[in-house]
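Worksheet: the structure to be examined is printed underneath.
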Amino acid sequence: MTAAKAILRRVAPQLLTLAAVLGLIALVHPGFFDVSIANGRLYGSAIDILNRGAPVALLAIGMTLVIATRGIDLSVGAVMAISGAVAAAAITSGIGLVPTLALALVTGIACGLWNGLLVAVLGIQPIVATLILMVAGRGIAQLITEGAILTFNHKGLIFFGSGAFLGIPMPVLIWLAAGLLVTLVVRRSALGMLIEAIGVNLRASTLAGINARVLLIAVYMTSGLCAALAGVIAAADIKGADANNAGLWLELDAILAVVVGGTSLLGGRFSIIASLIGAMIIQAVNTGILLSGFPPEFNLIIKAAIILVILVLQSPTVRTTLAFFRRDKASAEAKAETVIQ
Amino acid sequence: MNARTLPLLATMVIFLAAYAVCYVQFPAMLSTRVIGNLLTDNAFLGIVAVGMTFVILSGGIDLSVGSVIAFSGVFIAVLLRDTGLHPLVVFAMLLVLTTLFGAAMGAIIHHLEMPPFIVTLAGMFLARGMAYVLSIDSVPITHAFYDQLQGLYYVMPGKGRLTLIGAIMLAVFVAGMLVAHRTRFGTNVYALGGGVQTARLMGVPVQRTTIRIYALSGFLAGLSGIVFSIYTSAGYSLATVGVELDAIAAVVIGGTLLTGGSGFVAGTLIGVLIMGLIQTYIIFDGTLSSWWTKIVIGILLFAFIVLQKGLVWLTSQRGLAMRGGPGGTR
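Residue numbers (our numbering), protein chains in the order written: chain Y, 278 to 618; chain U, 1498 to 1827.
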C-alpha cells in the first residue's frame, strides 16, 4: 500500500499534466473520449494516442535505464531502421515468422552490445559512442533494403502493427507488456538500485563492488532490444521497411519523454512508469494539435517550450534557490513559534 | 610530434592518402575544378563546423545549428519576398538574431547548470518550429543582388572556380584559427574544455566565455544560413536536417577531442574536406550508392575516437610513470 502511494506521488505531476492536456483536447474536440468497437478492435482518438505512441513509449523504456546511468542513446532511431529492415528482408526471404522476429530482436541486441562495449569497455562518452551508430545506422539499414522500401505481405508480421488482441491494438499491448516486464525486473531485484548507483557516481559504485561494466552493457542492450521492438512495430504498421524515415528523430522524442517523466539527465533516480506517461503526454500533444486544427508547425515550438519549463524545474541552481527560500520560511516559522512560547 | 598534434597529422595523412587513391582511379579528380566544387559544395558545412569546433573545444555540444541554418534561409527568403529591404540589411538583422539566440542558449546552460545537449535540443526544436511558422513551403529568392553574389568567383589556374561562398568559408577558417590560438577568448575556450573548475580557479570568466562560445556558434550558423541561401537560391524549412551531426563528425574526424580541451580549427577544415571527398568519389564512381557515405563516415568516426582514446590512455600512462611509477624516479 505504501509502495503504491510512493509511486503515485512520484508520477503525480506527469499524470496531472497528461490529464490537463487530454482535458484541453476534449474541450476543443468534443467526442475525444468516444470509444467504439469495430472488427473486434477498439477505435477512438484516445486509443489512437496509446497506439501511435507505441514506438516512443518502447524507446523511452530503454532510454530511461540508459539515462539513469548518466548516459544517452542517440542510436535508437537508427536501430529501429536497421531491425525493421532486417525483419522485412527476413520475412520476404520466407524463413517464417518466429525466426524473423528472433533475427530482428537479436539485431537490436547486437547494436546495443556494440554501444555498450564502446561506453563500458573503451570508456567513450555515451553521446559520442552512440553517435557513430546514429550516423552509420541508416546507411547499414539501406544496405539491407538495397536502397528501396522493402514491402511485405505476411499476415503474421503485419498483425504486430495493426492487429488486436482482446480488442486492444497489438502495439499498445507490446509496450505495456515491455514496460511492466522491465519495471518488474529492475524493481523486484536490486538491479534498479545498482543502475541508479552507477548514474550517481560510477567510480564509487565500482569501488563498492558493483560490476558496472557488465551492467552498463546490459542497459545498452536493453535499449537496443526496445528499439528493435519499436522497429518491428513501425515496419509492420506500414507493411514495409523504410530505411530513411523509420524512427527518424524518434531518439529525441524518447529523450524528451524520459525528461518529461522527471528522470534527470544527470543520472540517478529513474521511473519507467513516469517515462511511459511522458511518452503519452508527447503523443497527446501531437494528436491534440492535429485534432484541434492548429497548424502542425506549432508542434516543435510547444516541444521547445516543454523542454524549457523542465530545464528550469530540474536545474540544480533553481532547486538550491528554492530550497534556500523554503528553509528560510521554515526557520522564520520556527522563530515565530519560539516567540509565541 | 606529440600527442596533441598526432590526431591532426593522422587526419592530414588520411586526407592525402584518400585523395591519392581517388587520383589513381580517376586522374580528373586532381583538378582545380574538383577542388573548387569541393569548397563550394561544403561551404555552409565548413562555416558551421568552425563554430562547432569552438563549442566542442569548450566541452559542450550545439545541436541547434542545422535548424538555425534552415531558419536563416526561410527568414531571408520571406523578408526579401514581403519587404523591400536590401539583402545586406536582412543579413545584418539575421546575424544579430542568431547571435542573440546562441547567447541565450549559452546563458541558460551557464545559469541553470544544465547539460548543453538538452538546452541546444530545445533550441533545435524552437528554431525549426519558427522556420515552419514563417513558411512551410520552399520560398525562392529572386533578387538582383543574389545574382550578383552568385556571379562572383575567381578563376583559378585550370579553370576551377573559387566562388564567393567557398572564399567565405576559407576566410572563416582563417579567422577561427586566429581567434582560437591568438586571442584571450581562444585560450579561455581551451581552458574551459580542460575542466570548468580548474578554469574558474585560474581566473577564466566562465559565464562570459560560455555565453560568447554559443553566441559565436549562433553567429556562424546564421552566416552559414546566408551562404546556404546563396548556394540554393531558396529558403526551405525542411532543409539541412541533420547538419549538426555532419558538423560534429567533421570536428571529430578533424582530430578534436570530444571531451574538449584539445584540437585544432585547421583539423576541422580537413575533416569537412574528407567528408566532401567521400561524396565526390561516390559521384565519380557512379555505381556506389550514396548510403556508403554514411557508413564510411561512421567508420572514420569510430577510428578517430578509438585513436584519441588510445592517445589519452598513453599520455596518462606516461604521466603515471613520470610521477614515480615502475621505472620512474621520485
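Note that the Cβ used here is the ideal one computed from N, Cα and C, for glycine as well. All values reported here derive from a predicted model rather than from experimental measurement.
Classify residue i as buried or exposed, calling it buried when 16 or more other Cβ atoms lie within 10 Å of its own Cβ.
i: residue 1613 (chain U); result: buried
i: residue 452 (chain Y); result: buried
i: residue 423 (chain Y); result: exposed
i: residue 634 (chain Y); result: Any answer about residue 634 (chain Y) is impossible in this case: the structure gives chain Y only from 278 up to 618.
i: residue 1651 (chain U); result: exposed
i: residue 571 (chain Y); result: exposed
i: residue 302 (chain Y); result: buried
i: residue 602 (chain Y); result: exposed
i: residue 597 (chain Y); result: exposed
i: residue 1747 (chain U); result: buried
i: residue 1564 (chain U); result: buried
i: residue 1583 (chain U); result: exposed
i: residue 522 (chain Y); result: exposed
i: residue 373 (chain Y); result: exposed
i: residue 1678 (chain U); result: exposed
i: residue 446 (chain Y); result: buried
So, helix, strand or coil for residue i, using DSSP?
i: residue 484 (chain Y); result: helix
i: residue 307 (chain Y); result: coil
i: residue 312 (chain Y); result: coil
i: residue 440 (chain Y); result: coil
i: residue 582 (chain Y); result: helix
i: residue 1584 (chain U); result: helix
i: residue 1660 (chain U); result: strand
i: residue 1502 (chain U); result: coil
i: residue 445 (chain Y); result: strand
i: residue 564 (chain Y); result: helix
i: residue 1731 (chain U); result: strand
i: residue 317 (chain Y); result: coil
i: residue 1636 (chain U); result: strand
i: residue 467 (chain Y); result: coil
i: residue 1594 (chain U); result: helix
i: residue 1738 (chain U); result: coil
i: residue 1822 (chain U); result: Residue placement at residue 1822 (chain U) cannot be trusted, given a pLDDT of 47 that sits under 50; what the coordinates show is reported in the next sentence. Coil, per DSSP.
i: residue 339 (chain Y); result: helix
i: residue 427 (chain Y); result: strand
i: residue 545 (chain Y); result: coil
i: residue 1692 (chain U); result: coil
i: residue 1563 (chain U); result: helix
i: residue 1600 (chain U); result: helix
i: residue 518 (chain Y); result: strand
i: residue 1701 (chain U); result: coil
My assumption, with CB atoms under 8 Å, is that residue i sits in contact with residue j. Please give the rounded CB distance.
i: residue 567 (chain Y); j: residue 309 (chain Y); result: Contact doesn't hold; Cβ gap of about 12 Å is too wide.
i: residue 1469 (chain U); j: residue 1762 (chain U); result: The structure shown does not extend to residue 1469 (chain U), since chain U is modelled only from 1498 through 1827, so no value can be given for it.
i: residue 355 (chain Y); j: residue 512 (chain Y); result: Residue 355 (chain Y) to residue 512 (chain Y), Cβ: 14 Å. No contact.
i: residue 508 (chain Y); j: residue 357 (chain Y); result: 4 Å
i: residue 1561 (chain U); j: residue 1620 (chain U); result: 4 Å
i: residue 351 (chain Y); j: residue 528 (chain Y); result: 5 Å
i: residue 1760 (chain U); j: residue 1752 (chain U); result: 6 Å
i: residue 1749 (chain U); j: residue 1801 (chain U); result: 6 Å
Hey, would you say the C-beta of residue i is under 7 Å away from at least one heavy atom of the ligand ADP?
i: residue 1678 (chain U); result: With respect to the ligand ADP, the structure shown offers nothing to examine, as it has no ligands at all.
Taking Cβ-Cβ distances below 9 Å as the criterion, which residues of the stretch 563 to 591 of chain Y are in contact with chain U?
572, 573, 574, 575, 576, 577, 578, 579, 580, 581, 582, 583, 584, 585, 587, 588, 589 and 591
Give me the subset of the stretch 377 to 408 of chain Y whose CB atoms are less than 9 Å from a CB atom of chain U, sorted by chain position.
395, 399, 400, 401, 402, 404, 405, 406 and 408
Is it the case that the stretch 1514 to 1534 of chain U contacts the stretch 1711 to 1723 of chain U, given that we only count it when at least three CB pairs across the two stretches are under 8 Å?
no
Going along the stretch 1611 to 1630 of chain U in order, which residues come within less than 9 Å of chain Y, judged by CB to CB distance?
1611, 1612, 1614, 1615, 1616, 1618, 1619, 1620, 1621, 1622, 1623, 1624, 1625, 1626, 1627, 1628, 1629 and 1630
In the stretch 289 to 313 of chain Y, which residues sit with their C-beta less than 8 Å from some C-beta in chain U, listed in chain order?
none
Taking three-plus beta-carbon pairs below 8 Å as touching, is the stretch 576 to 595 of chain Y in contact with the stretch 522 to 536 of chain Y?
Contact between the stretch 576 to 595 of chain Y and the stretch 522 to 536 of chain Y is established, with three or more Cβ pairs separated by less than 8 Å.
What residues from the stretch 1746 to 1775 of chain U come within 8 Å of chain Y, judged by C-beta to C-beta, listed N to C?
1746, 1749, 1755 and 1756
Relative to chain Y, which residues along the stretch 1779 to 1800 of chain U have a C-beta separation below 9 Å, given in chain order?
1786, 1787, 1788, 1789, 1790, 1791, 1792, 1793, 1794, 1795, 1796, 1798 and 1799
Of the residues that make up the stretch 499 to 519 of chain Y, which ones have a beta carbon closer than 9 Å to any beta carbon in chain U?
Residues passing the 9 Å Cβ filter: none.
Are the stretch 490 to 506 of chain Y and the stretch 384 to 395 of chain Y touching, with three or more C-beta to C-beta distances below 8 Å?
yes
Is the stretch 449 to 468 of chain Y touching the stretch 334 to 346 of chain Y in the sense that three or more CB pairs, one from each, lie closer than 8 Å?
yes
Evaluate the contact criterion for the stretch 318 to 327 of chain Y versus the stretch 376 to 386 of chain Y: three or more CB pairs, one atom per stretch, below 8 Å.
no
Please identify, using Cβ separations under 9 Å, the residues of the stretch 410 to 444 of chain Y that lie next to chain U, in order along the chain.
Correct list: 410, 411, 412, 413, 414, 415, 416, 417, 418, 419, 420, 423 and 424.
Taking contact to mean at least 3 C-beta pairs separated by less than 8 Å, is the stretch 1597 to 1612 of chain U in contact with the stretch 1700 to 1714 of chain U?
yes
Say whether the stretch 1756 to 1774 of chain U touches the stretch 1567 to 1586 of chain U, bearing in mind that this needs 3 or more beta-carbon pairs closer than 8 Å, one atom from each stretch.
no
If contact is defined by three or more beta carbon pairs under 8 Å, each pair taking one atom from either stretch, is the stretch 539 to 548 of chain Y in contact with the stretch 340 to 347 of chain Y?
Output reads yes: the stretch 539 to 548 of chain Y touches the stretch 340 to 347 of chain Y.
Meets three-Cβ-pair contact criterion under 8 Å: the stretch 410 to 417 of chain Y and the stretch 1787 to 1801 of chain U:
By the Cβ test, the stretch 410 to 417 of chain Y is in contact with the stretch 1787 to 1801 of chain U, since at least three Cβ pairs between them sit closer than 8 Å.
Closer than 9 Å, Cβ to any Cβ of chain Y: which residues of the stretch 1539 to 1573 of chain U, in chain order?
1558, 1560 and 1564
Check distances from the C-beta atoms of the stretch 524 to 544 of chain Y to those of chain U and list, in chain order, the residues that come in under 9 Å.
525, 526, 529, 532, 533, 536, 542 and 543
Interfacial residues, the stretch 1713 to 1736 of chain U to chain Y, with Cβ spacing under 9 Å
1734
Residues from the stretch 341 to 358 of chain Y in contact with chain U, defined by Cβ distance under 8 Å:
Hits within the stretch, in order: 349.
Is there contact between the stretch 1506 to 1518 of chain U and the stretch 1635 to 1644 of chain U, where contact requires at least three CB pairs shorter than 8 Å?
No contact exists between the stretch 1506 to 1518 of chain U and the stretch 1635 to 1644 of chain U.
Tell me whether the stretch 322 to 331 of chain Y and the stretch 468 to 482 of chain Y touch, counting them as touching only if at least three CB pairs, one residue from each stretch, are closer than 8 Å.
no
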